[in-house]
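As structure tokens, the structure follows; a few thoughts come after it.
In the working numbering, the protein residues as written are 127 to 488.
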């Protein structure tokens, strides 16, 4: 009996050992596959630093494979304060602002993609003004107050963006002396933002001609840019929410009614300003506002495992393609079929383009 019992234990031990080895081998294979796919993405490594009151994401020469894997899963940079990558020319710089009230970072995935493609992305470490209540459309008085606060806030943040440009220029000139001296191209500065951050981008471009181009990702416009438009090259990427109709504008639901009124007025101003100043307007079918910020870790992991892109991944792919094509065109002079109406790889995207009039150009 003792011998039979020992044999049984030995057999169970062998089975358990086999299972453990199989699990470890599977995990190793999974890690290898993830690391391989992370390495296949190519481009620069994403590094982060702080200087002159700015948070900077910038290209670094390389990163360890596991750091690349971790970055693509968590969206955190692959390194901190490492040497900026060697390049024959200084890197173009993109200012970034997030959603209301403009202090959040909602687009780390797109920031990382732009850095890997050879751009430096910057955002202020501190912002003017105190805490802001959320936008409210619950009543007519709340709606009027929201418009007033948004106009004031976007003008304040536009000035903050102009101050950030001053600091980027100083950094490029070695004031203070950092590794970024001579490595940032202060003659090639763009700006972009998501939601209210898109309104800040437009306002800052209206305010500061040193900003060469601007991108608004699905944001209403406020302040001076809402009235006068943007004279520099300007791209808006929008969801395809239907235009408000009579039922929306007369709805008994105040949120539906007042957001519809704002959208109606914003689109009318936008189309007029595009006709005068020129610009690009990309509408993405089947999307809504929340689709344009960072997707879930599950969605990114699915893509890295080779299971294909889900809807969220598809939107990020499209967003990355259009924003990168736009900034390469406006800051580097690289033409793209995407901006000329040819987008066979993105049939869900509808591009409208205006040349503008001579009087509308800065």
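We put the beta carbon where it would ideally sit given N, CA and C, even for glycine. It should be emphasised that the depicted structure is a prediction, and the values quoted were computed from it without experimental measurement.
> By a C-beta neighbour count over all protein chains shown, 10 Å radius and 16 as the cutoff for buried, is residue 357 buried or exposed?
Replying inline: The residue is buried, with at least 16 neighbouring Cβ atoms inside 10 Å.
> In this structure, does DSSP put residue 449 in helix, strand or coil?
Replying inline: Three-state DSSP puts residue 449 in a helix.
> What's the C-alpha gap between residue 330 and residue 458?
Replying inline: Distance between the alpha carbons of residue 330 and residue 458 is about 21 Å.
> Considering only residues of the segment 352–415, which uninterrupted beta strand (DSSP E) runs meet the minimum length of 3 residues and lie entirely inside it, listed in chain order?
Replying inline: Runs found: 360–365 and 405–410.
> Pick from 297, 226, 183 and 273: whose alpha carbon is nearest that of residue 257?
Replying inline: Selection 297, 226, 183 and 273 evaluated against residue 257 yields 226 as nearest (Cα-Cα).
> Which stretch, first to last residue, makes up the alpha helix (DSSP H) that contains residue 322?
Replying inline: Annotation for residue 322: the continuous alpha helix (DSSP H) segment containing it runs 322–333.
>> Can you check which of these residues, 204, 455 and 378, is closest to residue 339 by C-alpha distance?
In response: Per the C-alpha coordinates, the member of 204, 455 and 378 positioned closest to residue 339 is 455.
> Can the beta-carbon of residue 283 be found closer than 8 Å to that of residue 223?
Replying inline: For residue 283 and residue 223, yes; Cβs fall inside 8 Å.
> Pick from 314, 417, 382 and 360: whose alpha carbon is nearest that of residue 399?
Replying inline: Residue nearest to residue 399 within the set 314, 417, 382 and 360 is 360 (criterion: CA-CA distance).
> DSSP puts residue 175 in a beta bridge; with which residues?
Replying inline: When beta bridges are read from the DSSP output, residue 175 appears opposite 182.
> Is residue 292 helix, strand or coil by DSSP?
Replying inline: Helix at residue 292.
> Since residue 465 contacts residue 406 with CB under 8 Å, what's their CB separation in whole angstroms?
Replying inline: Yes, they are in contact, since the Cβ atoms of residue 465 and residue 406 sit about 6 Å apart, within 8 Å.
> Residue ranges of each alpha helix (DSSP H) run of no fewer than 4 residues wholly in the segment 229–302, ordered along the chain?
Replying inline: The qualifying runs are 234–242 and 266–298.
> So does the segment 202–212 actually touch the segment 173–187, counting three or more Cβ pairs closer than 8 Å?
Replying inline: Taking a cut-off of 8 Å on C-beta distances, the segment 202–212 touches the segment 173–187, as three or more cross pairs fall below it.
> Cα separation between residue 363 and residue 298?
Replying inline: One C-alpha to the other measures close to 30 Å.
> By Cβ distance, which residues of its chain are closer than 7 Å to residue 229, with the 5 residues on each side in sequence left out?
Replying inline: Within the same chain, and ignoring the five residues on either side of residue 229 in sequence, the residues whose Cβ sits closer than 7 Å to its Cβ are 253.
>> Which residue wins for smallest C-alpha separation from residue 220, given the options 212, 204 and 244?
In response: If we check each option's Cα against that of residue 220, 244 comes out closest.
>> At the level of alpha carbons, what is the spacing between residue 409 and residue 316?
In response: Their Cα atoms are separated by approximately 21 Å.
> So is residue 341 buried or exposed if we call it buried at 16+ other beta carbons inside 10 Å?
Replying inline: Burial call: buried.
>> Please tell me whether residue 234 and residue 195 are closer than 8 Å, where the distance is taken between their beta carbons.
In response: The Cβ-Cβ distance between residue 234 and residue 195 does not fall below 8 Å.
>> Using a 10 Å radius around the Cβ and a threshold of 16 neighbouring Cβ atoms, would you call residue 319 buried or exposed?
In response: With at least 16 other beta carbons inside 10 angstroms of its own, residue 319 counts as buried.
> At which residues does the beta strand (DSSP E) containing residue 193 begin and terminate?
Replying inline: That residue, residue 193, is in no beta strand (DSSP E); its alpha helix (DSSP H) goes 191–200.
> How many Å lie between residue 314 and residue 337 at the Cα?
Replying inline: C-alpha separation (whole angstroms): 8 Å.
> Straight-line CA distance for residue 309 to residue 204?
Replying inline: Each residue's CA atom was taken as its position, placing residue 309 and residue 204 some 20 Å apart.
> In terms of residues, what are the limits of the beta strand (DSSP E) holding residue 479?
Replying inline: From DSSP, the beta strand (DSSP E) with residue 479 extends over 475–480.
>> Could you pull the DSSP bridge partners for residue 316 from this structure?
In response: In the DSSP output, where bridge partners are listed per residue, residue 316 has 220 and 339.
>> Please state whether the Cβ-Cβ distance between residue 345 and residue 369 is less than 8 Å.
In response: If you check the CB distance, residue 345 and residue 369 do not come in under 8 Å.
> Do three or more CB pairs link the segment 441–453 to the segment 468–484 at distances below 8 Å?
Replying inline: Yes: at least three Cβ pairs fall under 8 Å.
> Which one or two residues does DSSP pair with residue 206 in a beta bridge?
Replying inline: 174.
>> To the nearest angstrom, how far is the alpha carbon of residue 375 from that of residue 395?
In response: Rounded to whole angstroms, residue 375 to residue 395 spans 17 Å at the Cα level.
>> If the criterion is Cβ atoms closer than 8 Å, does the pair residue 255 and residue 279 meet it?
In response: Result yes, Cβ atoms of residue 255 and residue 279 sit closer than 8 Å.
>> My assumption, with CB atoms under 8 Å, is that residue 312 sits in contact with residue 295. Please give the rounded CB distance.
In response: About 4 Å separates the two Cβ atoms, so the contact holds.
>> Here's a check: name, in chain order, each residue in its chain whose Cβ is nearer than 8 Å to the Cβ of residue 412, leaving out the five neighbours to either side.
In response: Closer than 8 Å at Cβ, skipping near neighbours: 366, 437 and 474.
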